[in-house]
Every structure is written in structure tokens, then in C-alpha cells.
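What follows is a set of notes on a single structure, which appears directly below.
Residue numbers (UniProt numbering): 1 to 146.
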């Protein structure tokens, strides 16, 4: 029996919602909505008494892929690794296909975000780069070339 009906979204917790939202908007996401959640529901789901967070729900216009960015108002956020690498346990990266990898890398670089390593090419079919976004989030950008 299949329990999952469809993919809904990926959630990322950040300390500062505004620059994280701007980063993903710069990659082509649109803000679907913003809001604040607190009370029994979020405390129960997160298992954190007194939880209150601000949320930005983003979506890609082409296919509706959604990304939820959350920033806790209370309690204070707990910092993760400031510069996680791909071999750290947990969420490794969020990956998006782009039309022009170099243009996407240049665009995020103009906003102060750089490559984790370099641009790689796999068997003449795809070019890929890991970009370190706001708060250390690794974003994989790839372009089909073959």
C-alpha cells in the first residue's frame, strides 16, 4: 500500500527569513504566501512548547514545486553548522534544474553567494554546481546539456 499521495514541499528553518526569501526569489521562486503560526497546533507538530514561527511559502511558477522557509520567533533558533558540507548527516542539499547554469551561478554570486566547490560535468549530460546560500544552505543547481 502506498501512503504518500504526492510531494508537497521542502521546509528549511532559517534565522533570518528576509534574506533567505530574497535568495530563492532571485532563483525564480515566487512568494505564495507569508504568515505566522503559534499555539497548540505548531507546538504539537514541532514538539516545542511555546513555538512561534514566521513562514514564507515559495513556489516555482512552472511546476508548482514548493519551498517553506520558517524562522522561529520563540524559542530562539538553535544554530547548525555554519558551513555544512555534503557529507554531514541530515538534509544534504536542495536541487533545482536551471536553463543556464553559468547565468544562475553568476546571479547568486552577484548577491554574495559562492560555490561550495566548482562546476562539474557528468558524462556529457549534465553540468552541476553546489552554491552555498544564506545561512549555509547548500543549493544544487544543474543544467541538462546532452
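Cβ atoms here follow ideal geometry from the backbone N, Cα and C, with glycine treated the same way.
Return yes when the C-beta of residue i is under 6 Å from any heavy atom of the ligand COA, and no when it is not.
i	result
residue 140	Among the components modelled here there is no ligand, and therefore nothing to report on the ligand COA.
Does residue i come out as helix, strand or coil in the three-state DSSP assignment?
i	result
residue 142	strand
residue 155	This structure does not reach residue 155, given that the chain is present from 1 up to 146, and the question cannot be answered.
residue 56	strand
residue 15	coil
residue 41	helix
residue 80	coil
residue 200	No statement about residue 200 is possible, as the shown extent of the chain runs from 1 to 146 and does not include it.
residue 97	strand
residue 123	coil
Within a Cβ cutoff of 8 Å, which residues of the same chain sit near residue i, ignoring the five residues on either side of it in sequence?
i	result
residue 88	81
Cutting at 6 Å between CB atoms, please list the residues of its own chain near residue i, excluding the five before and the five after it.
i	result
residue 77	15
residue 74	50 and 52
Could you pull the DSSP bridge partners for residue i from this structure?
i	result
residue 74	52
Next on the checklist: Counting beta carbon pairs with one atom in the segment 36-55 and one in the segment 107-121, are three or more of them shorter than 8 Å?
Outcome noted: Touching, no, given that fewer than three Cβ pairs across the two stretches are closer than 8 Å.
Checklist entry - Counting pairs of Cβ atoms below 8 Å between the segment 51-65 and the segment 12-27, do you hit three or more? => result For the pair of segments examined, the segment 51-65 was found to touch the segment 12-27: the number of CB pairs separated by less than 8 Å reaches three.
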